[in-house]
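Here the structure is laid out as structure tokens; the discussion comes afterwards.
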Amino acid sequence: MLQDKTVVVVGRGSGIARAVALLARSEGARVVVAGRDEGKLATAYRDTDVTAEVVDLTDDASIAALADRLGAVDHVVSTASARARGNLADLERGNLALSFGTKVIGPTMLAKYVAPHINPGGSFVLFSGVHAFKLNAGYLGVGITNGAVDFLTRWLAVELAPTRVNAISPGVIDTGAWDSLGEDGKRDYFQHIAAGNPVRRIGTSQDVANAVLFAMTNTFMTGMTLKIDGGEPLI
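Counting from 1 along the sequence shown, just add 68 to a position and that's the residue number in the working numbering.
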């Protein structure tokens, strides 16, 4: 479905970003991964023919330079994030600014600079998250960041038309993002979440990558946020 298309994945060399990059490559796309540490990305993908580039989504000059180096592309997927966790009393301006800068302002500027290079039929895929829809203690900063991404998605779908713009809203996904909990803490948290959602399991990076592929290739869908969360907000 992506044969001979150019797909740019902004994010890390692991987890969801890696799953998206490898799935796109398996579908025949030329894949470029971009992140702050080009060396780490090159190492992460050394056994593939995926190309690594450097970009800092908090730096407009870096984004503009990436757009110039890339030239014509078909699909851009921004998985980058920086979570500002904590209740209102715990939030710090710097953490909240980094969260917005990475996940909202960064993709906005990415669209500004890359949209002129998008081939006909191309798309942007942004990343929101379950806490835009579910109120959980300690996730105020995460929730308002994700809510902003959902609005940005709808706005860009209109302003950049006919280029399509959609978002993915993952729930709890089994990636290294949870490693700070420790092995036991991570297992207990996953068991708790899985027991409380309708599908009774935790999501995988492949679940999310499959949704990204759908967003890139469904040419009659735009301005939508796809919830890949196991129905977690329903309960």
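We put the beta carbon where it would ideally sit given N, CA and C, even for glycine.
Which residues in the same chain as residue i place their Cβ atom closer than 7 angstroms to its Cβ, once the five residues preceding and following it in sequence are excluded?
i, result
"L156", "L208"
"A132", "Y181"
"D124", "R104, S130"
Look at residue i and residue j and say whether their C-beta atoms are less than 8 angstroms apart.
i, j, result
"V233", "T290", "yes"
"V88", "A277", "yes"
"F258", "D242", "yes"
"A148", "G174", "yes"
"A152", "V210", "yes"
"S237", "A262", "no"
"T306", "T170", "It is not possible to answer for residue 306, since the shown part of the chain is limited to 69 through 303."
"G339", "G244", "With the chain running from 69 to 303 in the structure shown, residue 339 is simply not present."
"A85", "V77", "yes"
Provide the residue span of the beta strand (DSSP E) that contains residue i, from first to last.
i, result
"D142", "141–146"
"T183", "A quick correction: the sequence has Ala, not Thr, at residue 183. No beta strand (DSSP E) holds A183; DSSP gives it neither H nor E."
"F236", "Here the sequence assigns Ile to residue 236, which means Phe is not the residue at that position. Counting along the chain, the beta strand (DSSP E) containing I236 begins and ends at 232–238."
"T74", "74–78"
By alpha-carbon positions, which one of the options ends up nearest to residue i?
i, options, result
"R93", "L159, G174, Y113", "Y113"
"D115", "G139, L90, A165, S130", "L90"
"E95", "L294, V280, A129", "V280"
"V198", "A97, G81, V76, G298", "G298"
"V193", "D72, T287, S82", "T287"
"V145", "S167, R151, L178, R137", "L178"
"H185", "F168, G271, L138", "L138"
"M73", "I296, L294, T285", "Checking the sequence, you will find Lys at residue 73 rather than Met. Checking every option, the nearest Cα to that of K73 belongs to T285."
"A140", "K202, A229, S191, A245", "S191"
"A183", "L203, L228, G162", "L228"
"L166", "G154, D158, A150, T176", "A150"
"L224", "I212, V172, F168", "V172"
Return the chain-ordered list of same chain residues with a C-beta closer than 8 angstroms to the C-beta of residue i, the five sequence neighbours on each side being excluded.
i, result
"G264", "E300, I303"
"P230", "P188"
Could you pull out every residue in the same chain whose Cβ sits closer than 6 angstroms to the Cβ of residue i, ignoring the five residues on either side in sequence?
i, result
"R98", "T74"
"R222", "G291"
"L109", "G81, V101, G103, A120"
Let's see if you can read the secondary structure: which residues bound the alpha helix (DSSP H) around residue i?
i, result
"A205", "Here A205 belongs to no alpha helix (DSSP H), and DSSP marks it neither H nor E."
* Whole runs of the alpha helix (DSSP H) within the region 260–292, excluding any shorter than 4 residues -> Whole alpha helix (DSSP H) segments, 4+ residues: 273–285.
* Asked: Can you list, in chain order, the stretches of the beta strand (DSSP E) that have 3 or more residues and sit fully within the region 87–166?
  -> Runs found: 98–103, 119–122, 141–146.
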